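Engineer: First the structure, which I've put down as structure tokens, then a few questions once you've had a look.
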Amino acid sequence: MARFSTSIQAQIGKFHLNVAFEMKGETTAIIGASGAGKTLALRAIAGLLHPTDGRITLSDRVLFDSTIRLSIPTRERKIGYVFQDYALFPHLTVAKNLSYALHGWDKNQRAARTRELVDLLDLSGLESRLPSEISGGQQQRVALGRALAPGPELVLLDEPFSAVDAPARALLTEQLHALQARLGFAMVLVTHDVSEAYALASQLVMLSKGFVIQKGPREDVFHAPASAEVARLLGFRNLFPGRVVGNDGGITTVDIQGVRVYSANSGVPTGTLVLCGVHPQSIGLVRYEDAALQDQSNVLSVTVAQRTDRGVQADVTLALDGHDGKGPLLHSTVHQVDLSAELLPGALYKAVIPQQAVHLWRVREEL
Amino acid sequence: MSLIMDMTALRLSLQIASVSTILAIIVGVPIALLLARVRFRGRGIISALVLVPIFLPPSVMGFYLLQLVGRQSIVGSALERVFDFSLVFHWSGAVLAAFVASTPFLIRTAQAGFESVDLRYEEVARTLGRSEVAIFWTVTMPLAWKALLAGVALALARAMGEFGATLMVAGNIPGKTQTMSIAIYDAVQANRLNDAHVLALTLALVTLGLLVGVGVFARGGKW
Numbered sequence: 058m059a060r061f062s063t064s065i066q067a068q069i070g071k072f073h074l075n076v077a078f079e080m081k082g083e084t085t086a087i088i089g090a091s092g093a094g095k096t097l098a099l100r101a102i103a104g105l106l107h108p109t110d111g112r113i114t115l116s117d118r119v120l121f122d123s124t125i126r127l128s129i130p131t132r133e134r135k136i137g138y139v140f141q142d143y144a145l146f147p148h149l150t151v152a153k154n155l156s157y158a159l160h161g162w163d164k165n166q167r168a169a170r171t172r173e174l175v176d177l178l179d180l181s182g183l184e185s186r187l188p189s190e191i192s193g194g195q196q197q198r199v200a201l202g203r204a205l206a207p208g209p210e211l212v213l214l215d216e217p218f219s220a221v222d223a224p225a226r227a228l229l230t231e232q233l234h235a236l237q238a239r240l241g242f243a244m245v246l247v248t249h250d251v252s253e254a255y256a257l258a259s260q261l262v263m264l265s266k267g268f269v270i271q272k273g274p275r276e277d278v279f280h281a282p283a284s285a286e287v288a289r290l291l292g293f294r295n296l297f298p299g300r301v302v303g304n305d306g307g308i309t310t311v312d313i314q315g316v317r318v319y320s321a322n323s324g325v326p327t328g329t330l331v332l333c334g335v336h337p338q339s340i341g342l343v344r345y346e347d348a349a350l351q352d353q354s355n356v357l358s359v360t361v362a363q364r365t366d367r368g369v370q371a372d373v374t375l376a377l378d379g380h381d382g383k384g385p386l387l388h389s390t391v392h393q394v395d396l397s398a399e400l401l402p403g404a405l406y407k408a409v410i411p412q413q414a415v416h417l418w419r420v421r422e423e424l
Numbered sequence: 016m017s018l019i020m021d022m023t024a025l026r027l028s029l030q031i032a033s034v035s036t037i038l039a040i041i042v043g044v045p046i047a048l049l050l051a052r053v054r055f056r057g058r059g060i061i062s063a064l065v066l067v068p069i070f071l072p073p074s075v076m077g078f079y080l081l082q083l084v085g086r087q088s089i090v091g092s093a094l095e096r097v098f099d100f101s102l103v104f105h106w107s108g109a110v111l112a113a114f115v116a117s118t119p120f121l122i123r124t125a126q127a128g129f130e131s132v133d134l135r136y137e138e139v140a141r142t143l144g145r146s147e148v149a150i151f152w153t154v155t156m157p158l159a160w161k162a163l164l165a166g167v168a169l170a171l172a173r174a175m176g177e178f179g180a181t182l183m184v185a186g187n188i189p190g191k192t193q194t195m196s197i198a199i200y201d202a203v204q205a206n207r208l209n210d211a212h213v214l215a216l217t218l219a220l221v222t223l224g225l226l227v228g229v230g231v232f233a234r235g236g237k238w
């Protein structure tokens with residue numbers, strides 16, 4: 058498995074990029090909002106952008122080192138790059154696109170490799186088509202195959218899910234897993250879609266305004282977002298300002314507009330202003346209060362305000378009872394299998410939030 | 016007017032325009048590529064200078080070319096001393112005039128063509144391990160060649176029709192430097208209107224034929 062490490066700084070106009078992470082094989086996802094510098098990071102790794110400082114290594118090769126003024130040109134880095142809109146050569150057929158990197162190969166080997174890629178990427182029958190004559194999903198597979206053709210140790214994917222629909226996403230995730238298992242390349246992918254990153258990557262690098270704000274194994278990042286900013290990127294739609302009013306036995310009590318919420322993520326002193334975050338997937342909805350839940354969970358009486366079905370899951374907006382609709386609104390994501398026909402606007406429910414799922418971040422006093 | 020002379024003028028026009036266009040390709044394409052792809056100091060100035068021959072009146076251009084290569088000039092006298100050769104009153108002088116007048120058209124069109132090729136194609140080709148030369152021939156050229164060909168067609172048409180500067184530099188020597196354009200002028204001056212008609216129609220048809228030929232070639236042989 059490829060070992061990869063990057064620690065670079067780059068200045069692009071007024072934008073400063075400072076990205077450092079290491080990976081051993083498998084997949085790392087760089088997550089950030091648009092404009093966070095995700096694509097710039099990939100370009101720097103590929104050698105299409107020159108960092109001002111830093112070092113990039115892939116296995117035992119040094120690709121970039123500012124201290125010895127070393128920068129291996131892009132064509133010698135042997136890093137596959139799948140562009141966001143694929144950038145397939147419009148004048149070349151699918152087969153020619155796939156074999157573009159195999160120019161130095163023996164004719165038979167090249168044909169064999171192209172056939173292998175056609176089979177692996179399910180492109181059979183499309184070999185002599187032009188990119189403009191195939192679907193978006195097929196184009197993406199051609200771009201992936203083209204990048205994989207020369208057998209790179211590392212493949213960079215820029216927003217691989219942005220242009221494909223939901224069923225194609227699931228398929229692509231499976232295909233990437235299968236290809237990776239078979240060909241043994243490492244991946245760095247860039248995305249703003251947390252669920253896709255989660256499905257593919259074992260490591261997350263959270264990027265904001267050019268800086269890494271958190272990195273680590275995906276579970277660590279997801280279960281302990283270091284800041285509200287990370288939480289926002291991870292899809293924590295429930296973020297409420299509050300004040301810590303008590304600390305007792307490892308449980309922190311927070312007051313949010315008069316609502317008491319208990320968090321098992323302690324360590325914030327009483328009196329501190331905090332931002333309290335809960336991921337929509339951590340909010341369960343039950344019809345009747347179950348005594349067994351109450352121990353480790355917050356149970357809040359809510360009224361369903363809105364329900365938006367999104368295929369496999371539904372987003373449910375909840376109004377806290379006793380606030381005349383002026384209190385904080387909660388967002389919950391409910392999976393289709395858990396959805397009941399009664400979960401409609403106006404229905405009364407109990408929102409169950411495990412204490413472990415309530416995250417607290419200190420807020421500076423002036424805010 | 017004899018038929019021989021007529022043919023000579025046509026042959027001269029074609030000869031001068033072809034040589035001038037080949038030179039325009041050799042000099043113009045690299046300049047177009049440079050202007051389209053490389054951000055360097057003085058790029059704006061070079062971009063502007065390239066356009067000068069388009070805006071300059073042909074007589075003014077001819078005059079300055081004469082200043083540049085005339086027998087009294089540094090270049091002209093050196094050429095004469097070393098090679099016993101002069102561009103003035105020689106068909107090569109007409110080539111020079113046509114080249115200077117037509118190359119800007121090729122550069123502008125080719126530059127636009129190169130600029131229309133998305134940089135990402137070249138970037139992705141680099142990530143696939145190909146050399147810059149290979150990328151130029153396998154990616155940039157195939158995607159820009161129609162614009163390039165349009166530029167060549169424009170340059171060729173301009174060279175075929177070049178008159179003012181050619182007259183100033185190469186003069187009007189029947190059989191030696193008298194191109195079709197100049198022969199038409201000559202015929203009108205001498206009140207040989209029938210000759211002028213024949214010459215004008217011939218030049219128009221030949222030029223049109225060349226352009227149609229280029230267009231057909233660009234479509235891959237289809238009309």
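Read top to bottom, the protein sequences are chains A and B.
Residue numbering for the first sequence follows this note's numbering, beginning at 58 and increasing consecutively.
Residue numbering for the second sequence follows this note's numbering, beginning at 16 and increasing consecutively.
By construction, the Cβ of each residue, glycine as well, lies at the ideal position given by its N, Cα and C atoms.
Computed from a prediction, not measured in an experiment: that's the story for all the values here.
1. Just the chain B side, please: which residues come within less than 7 Å of G94(A) by C-beta, in chain order?
2. Verify the contact flag: H416(A), CB atom, against every heavy atom of the ligand COA, threshold strictly below 7 Å.
3. Could you tell me if P130(A) is buried or exposed, where buried requires 16 or more neighbouring beta carbons within 10 angstroms of its beta carbon?
4. For T85(A), does the three-state DSSP call read helix, strand or coil?
5. Counting contacts by CB-CB distance shorter than 8 Å, is Y79(B) in contact with chain A?
6. So which residues on chain A does A149(B) lean against when the C-beta distance must stay under 8 Å?
7. Mark D305(A) as exposed unless 16 or more other C-beta atoms lie within 10 angstroms of its C-beta, in which case mark it buried.
8. So which of F61(A), P217(A), F146(A), T150(A) has the shortest CA-CA distance to R112(A)?
9. Would you mind reading off the limits of the beta strand (DSSP E) that contains H392(A)?
10. What's the C-alpha gap between L209(A) and F100(B)?
11. Can you look up Q363(A) in the DSSP assignment and give me helix, strand or coil?
12. Taking only beta-carbon positions, decide if I65(A) is within less than 8 Å of chain B.
13. Return the Cβ separation of L164(B) and F232(B) in integer angstroms, given the expectation that the two are a contact with Cβ distance under 8 Å.
14. What first and last residue would you give for the alpha helix (DSSP H) that runs through L228(A)?
15. Closer than 7 Å by beta-carbon distance: list the chain A residues that pair up with V139(B), in chain order.
16. If F14(B) and R86(B) are in contact, beta carbons under 8 Å, what's the gap, nearest whole angstrom?
17. Thinking C-beta only, is I313(A) closer than 8 Å to P207(A)?
18. Using only alpha-carbon positions, find the residue among G379(A), H380(A), K407(A) that is nearest to V373(A).
19. To the nearest angstrom, how far is it from the Cα of S185(A) to the Cα of V151(A)?
20. Just to confirm, are A288(A) and I270(A) a CB contact at a threshold of 8 Å?
21. When you compare the CB of L424(A) with every CB in chain B, is at least one pair closer than 8 Å?
22. How would you write the range of the alpha helix (DSSP H) that L164(B) sits in, first residue to last?
23. Between M195(B) and L38(B), how many whole angstroms is the CB-CB distance? I'm expecting something under 8 Å.
24. Touch check for the region 257-264 of chain A and the region 87-105 of chain A: three-plus C-beta pairs under 8 Å?
25. Report the rounded CA-to-CA distance for L424(A) versus V212(A), giving the unit in angstroms.
26. Can a CB atom of chain A be found closer than 8 Å to the CB of T155(B)?
27. How is R60(A) classed by DSSP in three states: helix, strand or coil?
28. Pairing CB atoms from the region 109-123 of chain A with CB atoms from the region 190-205 of chain A, are three or more of them under 8 Å?
29. Check whether the Cβ of A103(A) lies closer than 8 Å to any Cβ atom in chain B.
30. Which residue's Cα is closest to the Cα of V13(A): V278(A), H380(A), L296(A), Q363(A)?
31. Reducing DSSP to helix, strand and coil, say where P298(A) ends up.
32. Between the Cα of V343(A) and the Cα atoms of G334(A), V359(A), A414(A), which residue gives the shortest distance?
33. Please state whether DSSP places F78(A) in a helix, a strand or coil.
34. Taking the straight line between their C-alpha atoms, what separation do you get for V78(A) and S62(B)?
35. Which residues in chain A have a C-beta closer than 7 Å to the C-beta of S131(B)? List them in chain order.
Structural biologist: From the atom records:
1. Position 37 of the first sequence, counted from the first residue, corresponds to residue 94(A). What G94(A) touches in chain B: nothing, since even the nearest Cβ is about 18 Å away.
2. With respect to the ligand COA, the structure shown offers nothing to examine, as it has no ligands at all.
3. As a working note, residue 130(A) is residue 73 in the first sequence. Exposed.
4. Start at 1 with the first residue of the first sequence, and residue 85(A) comes out as number 28. Here T85(A) sits in strand by DSSP.
5. Within the second sequence, numbered from 1, the residue matching residue 79(B) stands at position 64. Not one chain A Cβ lies under 8 Å of Y79(B).
6. Within the second sequence, the letter at position 134 stands for residue 149(B). What A149(B) touches in chain A: H160.
7. Sequence index remark: in the first sequence, residue 305(A) carries index 248 (1-based). That one is exposed.
8. In the first sequence, residue 112(A) corresponds to position 55, counting from 1. Out of F61(A), P217(A), F146(A), T150(A), F61(A) has the C-alpha closest to the C-alpha of R112(A).
9. The sequence position of residue 392(A) within the first sequence is 335, counting from 1. Start and end: 386-392.
10. The residue you call residue 209(A) lines up with position 152 of the first sequence. The residue you call residue 100(B) lines up with position 85 of the second sequence. The sequence shown places Pro at residue 209(A), rather than the Leu named in the question. Those two C-alpha atoms are separated by around 60 Å.
11. Start at 1 with the first residue of the first sequence, and residue 363(A) comes out as number 306. The answer is strand: DSSP assigns Q363(A) an E or B state.
12. As a position in the first sequence, residue 65(A) is number 8, starting the count at 1. Not an interface residue.
13. Locating residue 164(B) in the second sequence gives position 149, where the first residue counts as 1. Locating residue 232(B) in the second sequence gives position 217, where the first residue counts as 1. Contact flag correct, Cβ pair sits at about 7 Å.
14. Mapped onto the first sequence, residue 228(A) falls at position 171. Bounds of the alpha helix (DSSP H) holding L228(A) are 223-240.
15. Here residue 139(B) corresponds to residue number 124 of the second sequence, with the count starting at 1. Result: Y138, F140, A144.
16. It is not possible to answer for residue 14(B), since the shown part of chain B is limited to 16 through 238.
17. Numbered from its first residue, the first sequence carries residue 207(A) at position 150. Numbered from its first residue, the first sequence carries residue 313(A) at position 256. No.
18. The count along the first sequence starts at 1 and reaches residue 373(A) at position 316. Out of G379(A), H380(A), K407(A), K407(A) has the C-alpha closest to the C-alpha of V373(A).
19. Numbered from 1 along the first sequence, position 128 holds the residue referred to as residue 185(A). Numbered from 1 along the first sequence, position 94 holds the residue referred to as residue 151(A). Their Cα atoms are separated by approximately 6 Å.
20. Numbered from 1 along the first sequence, position 231 holds the residue referred to as residue 288(A). Numbered from 1 along the first sequence, position 213 holds the residue referred to as residue 270(A). No. Outside cutoff.
21. For the purposes of this step, residue 424(A) is taken as the residue at position 367 of the first sequence. Residue placement at L424(A) is flagged as unreliable, the pLDDT there being 45, under the threshold of 50; the coordinate-derived value follows with that caveat. Contacts with chain B at 8 Å (Cβ-Cβ) do not include L424(A).
22. Your numbering for residue 164(B) matches position 149 in the second sequence. Counting along the chain, the alpha helix (DSSP H) containing L164(B) begins and ends at 156-176.
23. Counting from 1 along the second sequence, the entry for residue 195(B) is found at position 180. Counting from 1 along the second sequence, the entry for residue 38(B) is found at position 23. At roughly 20 Å, the Cβ-Cβ gap does not stay under 8 Å, so M195(B) and L38(B) are not in contact.
24. yes
25. Here residue 424(A) refers to the residue found at position 367 of the first sequence. Here residue 212(A) refers to the residue found at position 155 of the first sequence. Any reading at L424(A) needs caution, since the residue's pLDDT is 45, under 50, leaving its predicted position unreliable; the model's value is listed next. Computed Cα separation, rounded: 42 Å.
26. Taking the first residue of the second sequence as position 1, residue 155(B) is located at position 140. Chain A, which has no Cβ nearer than 8 Å to the Cβ of T155(B), makes this no.
27. Here residue 60(A) refers to the residue found at position 3 when the first sequence is read from its first residue. Strand at R60(A).
28. No: the two stretches stay apart, fewer than three of their Cβ pairs being nearer than 8 Å.
29. Working through the first sequence from its first residue, we reach residue 103(A) at position 46. It does; some Cβ of chain B falls within 8 Å.
30. No information on residue 13(A) is available, as it lies outside the stretch 58 to 424 that chain A covers here.
31. Residue mapping note: residue 298(A) aligns to position 241 of the first sequence, counting from 1. Three-state result, P298(A): strand.
32. As a first step, residue 343(A) must be located in the first sequence, where it is residue number 286. Considering only alpha carbons, the answer is V359(A).
33. Position 21 of the first sequence, counting from 1, holds the residue named residue 78(A). Three-state DSSP puts F78(A) in a strand.
34. Position 21 of the first sequence holds residue 78(A). Position 47 of the second sequence holds residue 62(B). The question names Val, yet the displayed sequence has Phe at residue 78(A). Rounded to the nearest angstrom, the two C-alpha atoms are 44 Å apart.
35. Numbered from its first residue, the second sequence carries residue 131(B) at position 116. By Cβ distance, chain A contributes nothing, its closest Cβ being about 12 Å from S131(B), past 7 Å.
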